[in-house]
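> Here this note's numbering is used: the first residue of the sequence shown is 57, the next is one more, and so on. Each residue gets a CB set at the ideal place from its N, CA and C atoms; glycine is no exception. Before I ask anything, let me first share the structure, which is written out below as structure tokens.
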Amino acid sequence: MSEQPRIIRISGPIIEASDMGSALMYEAVEVGEERLFGEVIRVTEDKATIQAYENTSMIKPGAPVFRTGALFSLTLGPGLIGNVYDGIQRTLPGIAERSGAFIKRGEKVAPLDVEKKWHFTPEARAGADIRPGAIIGSLAETELITHRIMIPPDVSGKLEEIAAEGEYTIDNVIARVATASGTIEIKMHQKWPARAQRPFVRREIIDTPLLTGQRVIDSFFPIGLGGTAAIPGGFGTGKTMTQHALAKWSNADIIVYIGCGERGNEMTSVLKEFPGLIDPRSGRSLMERTVLIANTSNMPVA
Numbered sequence: 057m058s059e060q061p062r063i064i065r066i067s068g069p070i071i072e073a074s075d076m077g078s079a080l081m082y083e084a085v086e087v088g089e090e091r092l093f094g095e096v097i098r099v100t101e102d103k104a105t106i107q108a109y110e111n112t113s114m115i116k117p118g119a120p121v122f123r124t125g126a127l128f129s130l131t132l133g134p135g136l137i138g139n140v141y142d143g144i145q146r147t148l149p150g151i152a153e154r155s156g157a158f159i160k161r162g163e164k165v166a167p168l169d170v171e172k173k174w175h176f177t178p179e180a181r182a183g184a185d186i187r188p189g190a191i192i193g194s195l196a197e198t199e200l201i202t203h204r205i206m207i208p209p210d211v212s213g214k215l216e217e218i219a220a221e222g223e224y225t226i227d228n229v230i231a232r233v234a235t236a237s238g239t240i241e242i243k244m245h246q247k248w249p250a251r252a253q254r255p256f257v258r259r260e261i262i263d264t265p266l267l268t269g270q271r272v273i274d275s276f277f278p279i280g281l282g283g284t285a286a287i288p289g290g291f292g293t294g295k296t297m298t299q300h301a302l303a304k305w306s307n308a309d310i311i312v313y314i315g316c317g318e319r320g321n322e323m324t325s326v327l328k329e330f331p332g333l334i335d336p337r338s339g340r341s342l343m344e345r346t347v348l349i350a351n352t353s354n355m356p357v358a
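Laid out in structure tokens, this is it:
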């Protein structure tokens, strides 16, 4: 039996631990008695270098390192829309309920509500041949967004069973697929490694403009729907305010606003302002098609 991995060196957010020779690259680990979240970024013989995603103050050499045996993964499923997360997918409202105004180190909060029930409508029949990405059902995540339940990218076979229309939590099994290696249970959420790209069947041709709602951008710097753009500039030149305008008025179906390295007051204004905004296209709350990720400048940049 291998020994408990221990910290042997600390340099800011970078930690070196012993007895980690069997660790996976990008494996999620927990560091110290407070179990701070981290990720293995290098393995050399029996030592591993860990990138900590929380403040490592007061952590000392000799403190334990707890392995999870799994890659750092995100939970994808209904409930993402309208939520507010930090950089490692902890819900800030959930943290506030536990820790108050300040984030307690090592705090663990489920990224999705496991008790909320969603009205599931099946769109496939038992006995059907199933391929990766096949849509087997749907639910209304918000009034604006229909969430489609899909077969994971690495699963194919015959649909043995599918749930009837009704109310289910994300942890309920809604389908079973018979594969060459056995029966796979399908739920309404999936775990996906953060560093693994989601596969696709084809890429659509970018031939439609993204209407940003800002005439100067649409006229002189047009962006294709599905394309990428950058806004370079120094401090205080309006990059963040331009992003705010794009998030409020562009004709995107879903907005994922990532505030990384933002000043605390700027991110606070987003968190306070967005829930009160009305979507100009639907007349409903803008948060019904928005996900907010807050990683302010006083949080670990990684």
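(1) Return yes when the Cβ of I71 is within less than 7 Å of the Cβ of V96, no when it is not.
(2) What residues in its chain sit with their C-beta under 7 Å from that of M343, if we drop five residues either side in the sequence?
(3) Under the rule that 16 or more other beta-carbon atoms within 10 Å means buried, what is G183, buried or exposed?
(4) Could you have a look at M57 and say whether DSSP puts it in helix, strand or coil?
(5) If distances are taken between C-alpha atoms only, which option among R337, F122, I314 comes closest to T352?
(6) What residue range does the alpha helix (DSSP H) around K304 cover?
(7) Out of I230, G77, T298, V99, state which residue places its alpha-carbon closest to the alpha-carbon of I191.
(8) Can you name, in chain order, every residue of its own chain whose Cβ lies under 6 Å from the Cβ of T298, other than the five neighbours on each side?
(9) So what's M206 in DSSP terms, helix, strand or just coil?
(10) Take G282 and list the residues in its own chain whose beta-carbon comes closer than 7 Å to its own, dropping the five residues that flank it on each side.
(11) Give the straight-line distance between the Cα atoms of F291 and E322, rounded to the nearest whole angstrom.
(12) How would you write the range of the alpha helix (DSSP H) that R370 sits in, first residue to last?
(13) Going by C-alpha distance, which of I349, F256, R62, S338 is nearest I201?
(14) If you draw a straight line from the alpha carbon of E59 to that of F122, how long is it in whole angstroms?
(15) What three-state label does DSSP hand F276 in the structure shown?
(16) In terms of alpha-carbon separation, which member of R319, T225, D185 lies closest to K214?
(17) Okay, do the stretch 267-274 and the stretch 206-221 touch, 3+ Cβ pairs below 8 Å being the bar?
(18) Kindly provide the ranges of any beta strand (DSSP E) runs that are 3 or more residues long and lie completely inside the stretch 125-205, ordered along the chain.
(19) Are W174 and P208 closer than 7 Å when you measure CB to CB?
(20) Tell me which residue opens and which closes the beta strand (DSSP E) that N351 is part of.
(21) Please name the residue in A308, L327, Q246 whose C-alpha comes closest to that of T264.
(22) Kindly indicate which three-state DSSP category V99 falls into: helix, strand or coil?
(23) Measuring CB atoms only, is the stretch 158-177 touching the stretch 74-93, in the sense that at least three cross pairs come out at less than 8 Å?
(24) Hey, A350 and D169 are a contact pair by Cβ (cut 8 Å); roughly how many whole angstroms apart?
(25) By the 10 Å Cβ neighbour count, where 16 or more other Cβ atoms means buried, how is M57 classified, buried or exposed?
(26) Please state whether the Cβ-Cβ distance between R73 and A108 is less than 7 Å.
(27) Rounded to the nearest angstrom, what separates T239 and A166 at their Cα positions?
(28) Classify E110 as buried or exposed, calling it buried when 16 or more other Cβ atoms lie within 10 Å of its own Cβ.
(29) Could you tell me the alpha carbon to alpha carbon distance between L348 and V140, rounded to whole angstroms?
(30) Per DSSP, what are the beta-bridge partners of R271 in this structure?
Concretely, from the data shown:
(1) No, the Cβ-Cβ distance between V96 and I71 is not below 7 Å.
(2) Cβ within range, chain order: G138, F330, P331.
(3) Exposed.
(4) With a pLDDT of 43 at M57, under the threshold of 50, the predicted position of this residue should be treated as unreliable, and no value is reported.
(5) The residue among R337, F122, I314 with its C-alpha nearest the C-alpha of T352 is I314.
(6) For K304, the enclosing alpha helix (DSSP H) covers residues 295-305.
(7) It is I230 whose Cα lies nearest to the Cα of I191.
(8) So the list reads I287, once near-sequence residues are dropped.
(9) Three-state result, M206: strand.
(10) Cβ within range, chain order: E260, I262.
(11) Straight-line Cα distance between these residues: approximately 13 Å.
(12) Summary: the structure shown does not reach residue 370, with the chain confined to residues 57 through 358, and so no result is reported for it.
(13) Checking every option, the nearest Cα to that of I201 belongs to S338.
(14) Near 11 Å, if we compare the C-alpha coordinates of F122 and E59.
(15) When secondary structure is reduced to three states using DSSP, F276 falls in the helix class.
(16) The shortest C-alpha separation from K214 is found at D185.
(17) The stretch 267-274 is not in contact with the stretch 206-221.
(18) Fully enclosed beta strand (DSSP E) runs of 3 or longer: 129-132, 174-178, 191-196.
(19) Not in contact: W174 and P208 (Cβ atoms no closer than 7 Å).
(20) Where N351 is concerned, the enclosing beta strand (DSSP E) stretches over 346-352.
(21) Nearest C-alpha to T264: A308.
(22) V99 sits in a strand when the DSSP states are folded into three classes.
(23) Yes, the stretch 158-177 is in contact with the stretch 74-93.
(24) Not confirmed; about 19 Å, so no contact.
(25) For M57, the predicted model reports a pLDDT of 43, less than 50, meaning its position is unreliable and no value from the coordinates is stated.
(26) Note that residue 73 is Ala in the sequence shown here, rather than Arg. With respect to A108, A73 sits apart: the two C-beta atoms are not nearer than 7 Å.
(27) Computed Cα separation, rounded: 27 Å.
(28) Per the 10 Å Cβ criterion, buried.
(29) Each residue's Cα considered, the two are about 5 Å apart.
(30) BP columns for R271 are empty, so no partner.
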